[in-house]
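The opening residue of the sequence shown carries number 1 in the UniProt record's numbering; numbering runs sequentially from there. We put the beta carbon where it would ideally sit given N, CA and C, even for glycine.
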Amino acid sequence: MSEGSFATALAVTIDDNTAMRAFFKKFSRDEAAIKANLYHELPQIISQRPHKIKAAWGLKHQGQTILEYKIVLKPRSFRAAYIQCQQQISVIFISDILIKREFVNALAATHLAD
Numbered sequence: 001m002s003e004g005s006f007a008t009a010l011a012v013t014i015d016d017n018t019a020m021r022a023f024f025k026k027f028s029r030d031e032a033a034i035k036a037n038l039y040h041e042l043p044q045i046i047s048q049r050p051h052k053i054k055a056a057w058g059l060k061h062q063g064q065t066i067l068e069y070k071i072v073l074k075p076r077s078f079r080a081a082y083i084q085c086q087q088q089i090s091v092i093f094i095s096d097i098l099i100k101r102e103f104v105n106a107l108a109a110t111h112l113a114d
């Protein structure tokens, strides 16, 4: 299987939770660009640049390790947390907090972390 076909085989969904709704309400102007990044860039990053993906320091969601990466848009950036089961990626949290320790603390304070 080639890298390109692997990237397209990954299916990204955005979880419908209070944290995600609040985030997209706050950053409504960036919503389209963020979603484009999630649906198109994230699968490519997972398959072609996995060193960009990091664990969210021991946090789990529904028993699965939460992973995170930086969404780079111009002029701002964000961090997104997700879980992956086989070819299914579920984005559960996004924040404008870029410092990893603070991002993980904000994620841990939600109902999303087990």
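As the crow flies, the alpha-carbon of residue 108 is around 14 Å from that of residue 64. Apart from the 5 residues on each side of it in sequence, residue 89 sits with its Cβ closer than 8 Å to the Cβ of 10, 11, 12, 13, 42, 43, 46, 82 and 83 in its chain, given in chain order.
The C-beta distance from residue 53 to residue 69 rounds to 5 Å, short enough to fall under 8 Å. With contacts defined by Cβ atoms closer than 8 Å, residue 96 and residue 60 do not form a contacting pair.
Secondary structure of residue 74 (DSSP, three-state): coil.
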